[in-house]
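S.K.:
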Amino acid sequence: MANTYDFGLVGLGVMGRNFILNVADNGFTAYGNDLDEEKVNALIEEGGDTNKVNATTDARAFVNGLSAPRKIMLLVPAGKIVDAVIDNLLPLLDEGDIIIDGGNSFYTDTDRREAKLKEKGINFFGAGVSGGAKGARLGPSIMPGGSREAYQHVKPIFEAVAAKYQGEPCVTYLGPKSAGNYVKMVHNGIEYGLMQLTSEIYDLLKKAGGLTNTELHQTFTTWNQGRLQSFLVEITSEIFAQKDDLTDNDLVDMILDKAKQKGTGKWTSQNAMDLGIPVPTIDIAVSMREISALKEERITADGLYDRPKPENVVKASLVDKAEQALYFAFIMAYAQGMHQLADASKEYGYELDLGEIAKIWRAGCIIRAALLADITDAFKANADLPNLLLSPAFVEKVQATVNASRELVAYGAINGIPLPGLSNALTYFDAYTSERLPLNLIQAQRDYFGSHTYERLDRDGIFHTEWEE
Ligand code: 6PG
0 MANTYDFGLV
10 GLGVMGRNFI
20 LNVADNGFTA
30 YGNDLDEEKV
40 NALIEEGGDT
50 NKVNATTDAR
60 AFVNGLSAPR
70 KIMLLVPAGK
80 IVDAVIDNLL
90 PLLDEGDIII
100 DGGNSFYTDT
110 DRREAKLKEK
120 GINFFGAGVS
130 GGAKGARLGP
140 SIMPGGSREA
150 YQHVKPIFEA
160 VAAKYQGEPC
170 VTYLGPKSAG
180 NYVKMVHNGI
190 EYGLMQLTSE
200 IYDLLKKAGG
210 LTNTELHQTF
220 TTWNQGRLQS
230 FLVEITSEIF
240 AQKDDLTDND
250 LVDMILDKAK
260 QKGTGKWTSQ
270 NAMDLGIPVP
280 TIDIAVSMRE
290 ISALKEERIT
300 ADGLYDRPKP
310 ENVVKASLVD
320 KAEQALYFAF
330 IMAYAQGMHQ
340 LADASKEYGY
350 ELDLGEIAKI
360 WRAGCIIRAA
370 LLADITDAFK
380 ANADLPNLLL
390 SPAFVEKVQA
400 TVNASRELVA
410 YGAINGIPLP
420 GLSNALTYFD
430 AYTSERLPLN
440 LIQAQRDYFG
450 SHTYERLDRD
460 GIFHTEWEE
């Protein structure tokens with residue numbers, strides 16, 4: 000059975016198994032490889048017909064069973080395991096073969112691997128895959144980066160398995176080297192932002208409006224039928240309806256309030272700092288996961304300070320304002336992420352097309368949302384748009400929702416409900432749209448104590464003043 004299967008996949012965990020079955024469903028033959036015999040057997044059993052989808056624990060048999068050029072996707076945990084799998088496959092491969100890393104690898108690791116494999120004539124792709132297990136099985140959003148020529152071999156398979164938005168596949172060639180992993184990293188940064196914002200709105204509706212889980216379920220269900228329509232709003236509505244099977248309570252009330260993280264949100268923040276691009280909504284989302292982890296300290300601190308008792312508000316009006324504020328803040332999270340992508344594209348030579356990126360996020364991925372159709376249009380209308388807030392179509396959306404945002408942020412501050420993402424999105428907006436900021440004072444201070452010099456509004460040049468002590 001030499002050289003028969005169209006597509007190979009290493010790592011038959013949940014994502015890998017689902018992805019390979021998706022490939023087979025779309026008319027391509029696929030061969031899986033995993034060291035774990037149980038996973039191999041599970042795939043063979045689920046696949047049904049081994050002429051269509053097969054699996055083996057033997058790396059050599061796996062490689063020999065793939066048609067040329069071999070297209071081998073890795074769905075293994077990011078980090079050292081990716082290097083180990085590559086080292087294992089390398090001696091078995093031929094020039095022109097293609098390895099695709101489908102995990103959340105750090106973009107500089109992808110650059111390093113791509114350069115190393117290029118020397119051996121192997122094409123390496125970093126391809127972010129978003130949509131979780133269900134997405135992998137039924138249609139994820141795929142974000143591939145690497146050699147444009149080699150992508151032609153992968154394209155038919157990826158386009159067949161990807162999610163479709165109005166018939167268009169949610170995958171496209173994004174750019175050279177680590178472009179795919181970079182875009183997926185920022186996707187996850189935005190994901191962190193949207194999740195944090197949604198959790199704050201939940202807190203507000205619950206503490207200020209006294210909404211029950213049933214009411215929260217209804218509210219999010221209604222919102223999901225409007226402009227907030229998105230995967231995260233949809234699953235949030237379903238979460239509120241979930242009963243706990245260990246107690247008589249709703250499951251959401253029984254879940255410990257400590258959020259874990261695998262690192263992609265933090266990487267987005269760290270890299271944005273390096274690039275000098277402000278992404279405060281993403282930064283705060285990372286910080287809040289860190290604060291959430293300090294549960295013991297939070298319990299102690301809670302006992303040390305008084306907190307205002309939230310004033311009652313009119314439920315219907317609160318729900319209406321919350322919808323507006325969430326929409327406003329979602330726009331800020333996407334605006335910041337897209338801004339980061341625009342800058343990274345210049346810095347790393349990715350030549351990203353932001354309109355195409357927004358387009359492949361419209362379905363399949365975790366941050367899919369009705370808003371992404373508008374974001375796509377904004378970048379299609381102006382590919383060089385520096386920030387979504389400068390798009391005429393967005394001026395209207397933001398203008399219409401900013402006041403509700405102000406009211407809720409003020410309410411949260413006075414009533415002791417932490418709304419760091421919402422307030423942060425608002426201050427990002429207020430600062431970005433301020434012609435004059437008070438940073439002239441910072442320049443004066445820097446010059447005062449360190450002779451760091453300053454520029455002037457009224458004439459060109461660099462100035463220093465001997466400040467009076
Ligand atoms: C996706 C998700 C996926 C993963 C997150 C979870 O797009 O399908 O982003 O890649 O579930 O990275 O990240 P944390 O564990 O850091 O929350």
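Position one of the sequence shown corresponds to residue 0 (numbering that gives the first Met the number 0), numbered consecutively onward. C-beta: ideal position from N, C-alpha, C; glycine also.
(1) Which of helix, strand or coil does DSSP assign to Val312?
(2) Using a threshold of 9 Å, state whether the C-beta atoms of Tyr201 and Arg288 are closer than that.
(3) Let's see if you can read the secondary structure: which residues bound the beta strand (DSSP E) around Tyr30?
(4) Quick check on DSSP: helix, strand or coil for Ile71?
(5) Pick from Leu74, Leu91, Ser129, Asp249: whose alpha carbon is nearest that of Gly64?
(6) In whole angstroms, give me the CA-to-CA distance for Cys364 and Leu20.
(7) Using the rule of at least 16 other Cβ atoms within 10 Å of the residue's Cβ for burial, across every protein chain shown, is Glu199 buried or exposed?
(8) Let me confirm a value: Gly151 is counted as buried when at least 16 other C-beta atoms fall within 10 Å, else exposed. Which label applies?
(9) So Ala132 packs on Asn17, CB below 8 Å; how close in whole Å?
(10) Taking 8 Å as the threshold, find out whether the segment 118-127 comes into contact with the segment 177-191 through three or more Cβ pairs.
(11) Go ahead and pull the three-state DSSP assignment for Thr55.
(12) Kindly indicate which residue of Pro68, Asp93, Leu116, Pro143 has the alpha-carbon position closest to the one of Asn103.
(13) Around the Cβ of Tyr304, are there at least 16 other Cβ atoms within 10 angstroms (buried) or fewer (exposed)?
(14) For Lys119 versus Glu148, is the C-beta distance shorter than 9 Å?
(15) In whole angstroms, what separates the C-alpha of Pro277 from that of Tyr427?
(16) Note down, in chain order, each residue of its chain lying with its Cβ closer than 7 Å to the Cβ of Ala341, except the 5 sequence neighbours on either side.
(17) Report yes if the C-beta distance between Lys257 and Ser291 is below 9 Å; otherwise report no.
(18) Nearest-angstrom Cα distance between Asp376 and Tyr333?
(19) Can you give me the Cβ contacts of Lys294 inside the same chain, cut-off strictly under 8 Å, excluding the 5 residues immediately before and after it?
(20) Is Leu169 close to ligand 1? I mean its beta-carbon at under 8 Å from any heavy atom of the ligand.
(21) Mark Lys70 as exposed unless 16 or more other C-beta atoms lie within 10 angstroms of its C-beta, in which case mark it buried.
(22) In the DSSP assignment, find the beta strand (DSSP E) that holds Pro143 and state where it starts and stops.
(23) Using the Cα positions of Phe230 and Ile283, report the straight-line distance between them to the nearest angstrom.
(24) Leaving out five residues before and five after Arg361 in sequence, what residues of the same chain have Cβ atoms less than 7 Å from its Cβ?
(25) On the DSSP letters alone, give me the boundaries of the beta strand (DSSP E) that Phe6 sits inside.
(26) Leu89 and Val9: beta carbons closer than 9 Å?
(27) From Thr56 to Ala159, what does the alpha carbon distance come to, in whole angstroms?
(28) Between the segment 218-232 and the segment 443-451, are three or more C-beta pairs nearer than 8 Å?
(29) Could you tell me which uninterrupted alpha helix (DSSP H) segments, each at least 4 residues in length, are contained entirely in the segment 207-272, listed from first to last along the chain?
(30) By Cβ distance below 6 Å, which residues in the same chain neighbour Leu11 in space, the five residues on each side in sequence not counted?
(31) Quick one: is Gly209 buried, meaning 16 or more other Cβ sit within 10 Å of its Cβ, or exposed?
(32) For Met331, tell me which candidate among Leu204, Val397, Ala343, Val52 has the shortest Cα-Cα distance.
(33) Ligand 1 heavy atoms versus the CB of Lys261: any closer than 8 Å?
(34) Is the closest heavy atom of ligand 1 to the C-beta of Tyr191 under 8 Å?
(35) Since I believe Ala403 is in contact with Ala315 (beta carbons under 8 Å), could you give me their beta-carbon distance rounded to a whole number of angstroms?
(36) Compute the Euclidean distance between the alpha carbons of Thr206 and Gly420, then round it to the nearest angstrom.
M.R.: Concretely, from the data shown:
(1) coil
(2) Against a cut-off of 9 Å, the Cβ pair of Arg288 and Tyr201 comes out as no contact.
(3) 29-32
(4) In the structure shown, Ile71 adopts extended strand secondary structure according to DSSP, grouped into three states.
(5) Leu91
(6) 18 Å
(7) buried
(8) Position check: residue 151 holds Gln in this sequence, whereas Gly was assumed. So Gln151 counts as exposed.
(9) Correct: roughly 5 Å between the Cβ atoms.
(10) yes
(11) It is a strand residue.
(12) Pro143
(13) exposed
(14) no
(15) 8 Å
(16) Leu353, Pro385
(17) yes
(18) 14 Å
(19) Leu255, Asp256, Lys257
(20) The sequence given here places Cys at residue 169; Leu does not occur at that position. Checking every heavy atom of ligand 1 against the Cβ of Cys169, none is found closer than 8 Å.
(21) Lys70 is buried by the Cβ-count criterion.
(22) 140-144
(23) Taking the straight line joining both Cα atoms gives about 22 Å.
(24) Tyr164, Cys169, Arg367, Leu371, Ala372, Thr375
(25) 6-9
(26) no
(27) 27 Å
(28) no
(29) Here the runs fully enclosed are 212-222, 230-239, 250-253.
(30) Gly31, Asp33, Lys38, Leu42
(31) exposed
(32) Cα-wise, what sits closest to Met331 is Val397.
(33) Yes, the Cβ of Lys261 comes within 8 Å of a heavy atom of ligand 1.
(34) yes
(35) Going by Cβ atoms, the distance from Ala315 to Ala403 rounds to 13 Å, so no, they are not a contact pair.
(36) Looking at the sequence itself, residue 206 is Lys, so the reference to Thr does not match. Spanning the two alpha carbons is a distance of roughly 17 Å.
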